[in-house]
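Asks:
Numbering (this note's numbering), first residue to last: 5 to 276.
1. Decide if residue 89 is buried, meaning its Cβ has at least 16 other Cβ atoms within 10 Å, or exposed.
2. Assuming contact is defined by CB atoms lying nearer than 7 Å, are residue 210 and residue 57 in contact in what I supplied?
3. Once DSSP output is grouped into helix, strand and coil, what is the label at residue 12?
4. Going along the chain, which residues of its own chain have a beta-carbon closer than 7 Å to the beta-carbon of residue 198, five neighbours each way excluded?
5. Between the C-alpha atoms of residue 183 and residue 123, what's the straight-line distance to the nearest angstrom?
6. Please list the terminal residues of the continuous beta strand (DSSP E) segment that includes residue 74.
7. Measuring only the C-alpha atoms, how far is residue 272 from residue 60?
8. Which residue from 270, 158 and 193 puts its Cα closest to that of residue 169?
9. Nearest by alpha-carbon distance to residue 145: which of 220, 38, 244 and 76 is it?
10. Compute the Euclidean distance between the alpha carbons of residue 174 and residue 81, then round it to the nearest angstrom.
11. What's the call for residue 6, buried or exposed, on a 16-neighbour Cβ count within 10 Å?
12. Taking all protein chains shown into account, do 16 or more other C-beta atoms lie within 10 angstroms of the C-beta of residue 95, making it buried, or fewer, making it exposed?
13. The beta strand (DSSP E) with residue 3 in it runs from where to where?
14. Compare the C-alpha of residue 43 against each of 84, 25 and 67 and name the closest.
15. Looking at the structure shown, is residue 214 part of a helix, part of a strand, or coil, going by DSSP?
16. If residue 248 and residue 97 are in contact, beta carbons under 8 Å, what's the gap, nearest whole angstrom?
17. Within the continuous alpha helix (DSSP H) that includes residue 161, where are the two ends?
18. So who's on the other strand from residue 186, going by DSSP bridges?
19. Do residue 201 and residue 112 count as a contact pair if the criterion is CB distance below 7 Å?
20. Going by the CB atoms, is the gap between residue 20 and residue 51 shorter than 7 Å?
Structure below.
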């Protein structure tokens, strides 16, 4: 029996928290986190929409490469929305993390994804950057992880970035918390960013790369993406298995985390 083909995504799809545009001529889709007033932080609705879009793109043969970016000029993504309520099991061995399911690889999408970063990319943004093939950024991009500052263990984020940057640099970024930010230039030097563009040109440059890749035979491209991920998949899976008890043991109570977050002061960090 031959199943009917799913229809292609429309040229422009506006969801509650995402915008998806598809260029049918080039085969490139642009997925935009569209919560600029919230610095594109991911709430539960955004997490669900991301998972849905990645899974839908698996069936859309008109899309052969994807660019992921954030709306506005202040942030690519600032991780999990602090207002999101995520109940947790009363066990150190089980944890519900909605961000574990927001990436393309977590949703079995093996079409290449390129991230275009402008402004802040921090915390849970690394779930997305870690599952992208490569990252393009403009000079406004900065990268940091606030977990330790607010009494939380950086587990999944650290695992993903340990596959993208030298160990010492990942350790410094994760342990220094909000006291330091990595500039776009430094991220380029470390290999987290593959191309540093002129101001405001990251999305354009990422789309140009995606257009080239989308023009190649699909089977070879997707097989290469799968092979690249396989090179680090076993180590990532083993490290992820350690994360729930580490988070359960190391995180401060939620109320104390909220107090530390509420007491934060603007500024007071260095960018290197």
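Positions of the beta carbon are idealized from the N, C-alpha and C atoms, including for glycine.
Replies: Looking at the coordinates:
1. exposed
2. no
3. coil
4. 138, 139 and 140
5. 17 Å
6. 69-74
7. 43 Å
8. 193
9. 76
10. 19 Å
11. Low confidence applies to residue 6: its pLDDT is 44, below 50, so where it sits in the model is not reliable enough to give any reading.
12. exposed
13. This structure does not reach residue 3, given that the chain is present from 5 up to 276, and the question cannot be answered.
14. 84
15. helix
16. 6 Å
17. 160-166
18. 147
19. no
20. no
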